[in-house]
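Chains as they are written, first to last, in our numbering: chain A, 2 to 106; chain B, 2 to 106.
Shown next as structure tokens:
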């Protein structure tokens with residue numbers, strides 16, 4: 002029984018640390034994040050910080066290594082979502098000022 | 002020290018089980034999944050199944066409850082990604098047959 006627990010634990014550790022990598026690669030490649038949830042990745046970053054601290058408190062490398070990797074991935078994705086959001090807002094602002102100027106002329 | 006571990010453990014449990022909910026709500030609302038990674042959610046579903054089994058083997062409700070919730074959320078998102086992928090392929094197919102027919106006329 003213990004062996005099963007060990008194997009599943011290591012498998013779960015591997016999928017946990019790699020899970021976000023495909024999303025990171027997709028966001029870096031496409032630069033697109035419209036359908037990715039900002040709130041989810043704020044939760045995700047918080048979640049992985051908590052599990053990392055928990056891993057250190059429990060002195061479990063399995064937990065804190067997986068969660069440092071997952072934290073890094075989610076922080077990169079969150080960065081892209083925020084960057085795209087700011088960019089979109091600026092474009093809207095420029096668009097509005099152009100409209101106002103056109104009305105003025 | 003144990004109290005800190007307990008508190009952080011419960012906080013991490015909460016963010017783990019709720020983390021995917023904003024993405025589920027966004028996908029259900031917008032029906033859009035272009036920038037969401039299919040491979041990530043295949044990993045995620047696998048990941049949460051593994052952690053759920055691990056939680057049962059360790060007899061830890063904290064682990065298996067959080068991961069059953071996260072499994073449900075990731076399965077819903079994966080369903081939408083696959084549904085949208087199939088729909089897109091069908092539309093492409095229809096578009097192609099129309100083009101071929103037009104060439105034929």
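Quick reminder that beta carbons are idealized off the backbone N, C-alpha and C, glycines included.
Predicted, not measured: the structure shown is a model, and the values here were computed from it.
{"Item": "What residue range does the alpha helix (DSSP H) around residue 48(B) cover?", "Value": "39-58"}
{"Item": "Taking only beta carbons into account, state which residues of the stretch 61-86 of chain B come closer than 8 Å to chain A, listed in chain order.", "Value": "none"}
{"Item": "How long is the line joining the alpha carbons of residue 24(B) and residue 54(A), rounded to whole angstroms?", "Value": "25 Å"}
{"Item": "Measure the beta-carbon distance from residue 36(B) to residue 34(A) and round it to whole angstroms, keeping in mind my assumption that it falls under 8 Å.", "Value": "5 Å"}
{"Item": "Whole angstroms is fine: what's the gap from residue 66(B)'s alpha carbon to residue 28(A)'s?", "Value": "30 Å"}
{"Item": "Where does residue 8(A) land, buried or exposed, given buried means 16+ other C-beta within 10 angstroms?", "Value": "exposed"}
{"Item": "Would residue 4(A) count as contacting chain B if we go by Cβ distances under 8 Å?", "Value": "no"}
{"Item": "Using a Cβ cut-off of 7 Å, pull out every chain B residue sitting near residue 16(A), in sequence order please.", "Value": "44, 47, 48, 51"}
{"Item": "Give a yes or no on whether 8 Å exceeds the smallest Cβ distance from residue 37(A) to chain B.", "Value": "yes"}
{"Item": "Where do the ends of the alpha helix (DSSP H) carrying residue 27(B) lie?", "Value": "22-31"}
{"Item": "Let me know the secondary structure DSSP gives residue 36(B) once reduced to three states.", "Value": "coil"}
{"Item": "Quick one: what's got a C-beta closer than 8 Å to residue 72(A)'s C-beta in the same chain, skipping five residues either side?", "Value": "46, 49, 50, 53"}
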